[in-house]
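Here is the structure we will look at, set down as structure tokens.
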Amino acid sequence: MKRNYKIGLIAVIVALCSIAIAYAALSTTLTITVNKVTQNALTWDVGFDTTATSVTATAVGSSATGRTCGTATVGATAVTVADTTLSKPGDACIYKLPVKNNGTIDATLASVTATAPGSTSCTTTNASTSASAKLVCGNITYQLVKTASANTSTYAITTTNLTTGTALAKKSGTTATTMDTYLVVQYTGTTLATTATTQSGAKFTLVFNQK
């Protein structure tokens, strides 16, 4: 009886060992190895070109009577135009305000938002893929465009649109890449104003994103 018990016990142990071995035979090990990851030193440096910190406007019109173009003070992230007077049809001030990319990452113009003067009712247009940003405030029109030139005889101003999606490539070697923008402030009324008015605080806000 004892001999039969021992034989049975040995048989159970052998069976369990066989199951363990079979289980081990079905085991799989998976390994993922990542080689070195390098972080390059890149820079994001998009802003107004401050080579000239003071920009004089190109004045347009039949005469200087009733027209003064304030000087634009240029900083890396902001431009401020001094007091300006436009009083008759044809009067305008055109400011060339280049934007530069001195970084090592390509950029793209994501948006240009127009903000109207607080004291004046305006028709506001923000930049899109087909249009420039513009403010039409009574007799005065503000535009931010890609190019602007004036006819010296008719005083008409020809512009091309500054649209969203415009690319501004990274610098080439040590040379920054630039993109021209023009601020045009123009008297677009067809007659003289009967009363003096002042508009203050018109603004364009440009946003550049990583391309």
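In terms of my numbering, the sequence shown is residues 1 to 211.
Even for Gly, the Cβ is constructed at its ideal location relative to N, Cα and C.
Just so you know, these numbers come straight off a predicted model, no measurement behind them.
- Here Ala25 carries a helix assignment [DSSP, helix/strand/coil].
- Collapsing the DSSP output to three states places Ile105 in coil.
- In the three-state reduction of the DSSP assignment, Asn209 falls in the strand class, which pools E and B.
- Cβ-Cβ separation between Val46 and Leu168: approximately 7 Å, consistent with a contact (criterion under 8 Å).
- Secondary structure within the segment 150–207: the beta strand (DSSP E) runs of 3 or more consecutive residues, fully enclosed, are 157–160, 177–179, 182–187 (chain order).
- When C-alpha distances from Ala110 are compared across Cys122, Ala133, Pro98, Thr120, the shortest belongs to Ala133.
- The C-beta of Ala150 has 16 or more other C-beta atoms within 10 Å across all chains shown, which makes the residue buried.
- Excluding sequence positions up to five before and after Ala59, its CB lies within less than 7 Å of the CB of Arg67, Cys69, Cys93, all in the same chain and listed in chain order.
- Three or more pairs of CB atoms, one per stretch, sit closer than 8 Å, so the segment 90–108 contacts the segment 160–180.
- The beta-bridge partner set that DSSP reports for Val34 is empty.
- If only uninterrupted beta strand (DSSP E) runs of at least 3 residues are considered, those enclosed by the segment 68–156 are 72–74, 79–81, 92–96, 99–101, 107–115, 123–125, 133–137, 140–145, 147–150.
- Between Ala202 and Tyr142 a beta carbon distance of about 5 Å is seen, short of the 8 Å cut, so the two are scored as contacting.
- In the assembly as shown, Val74 is a buried residue. Its beta-carbon has 16 or more other beta-carbons within 10 Å.
- Counting only the Cα atoms, Gln210 lies some 27 Å from Thr124.
- C-alpha of Ile32 to C-alpha of Tyr182: approximately 54 Å in a straight line.
- Check the Cα spacing between Ile140 and each of Val184, Thr163, Ala107: the tightest is with Val184.
- Secondary structure at Gly66: coil, using DSSP grouped into helix, strand and coil.
- DSSP places Gly47 in the uninterrupted beta strand (DSSP E) bounded by 46–48.
- Around the C-beta of Thr164, 16 or more other C-beta atoms lie within 10 Å, and the residue is accordingly described as buried.
- Tyr95 places its beta carbon less than 8 Å from that of Val81.
- Taken atom to atom, the span from the alpha-carbon of Thr28 to that of Ala41 is near 41 Å.
- Rounded to the nearest whole angstrom, the CA to CA distance from Pro117 to Thr50 is 26 Å.
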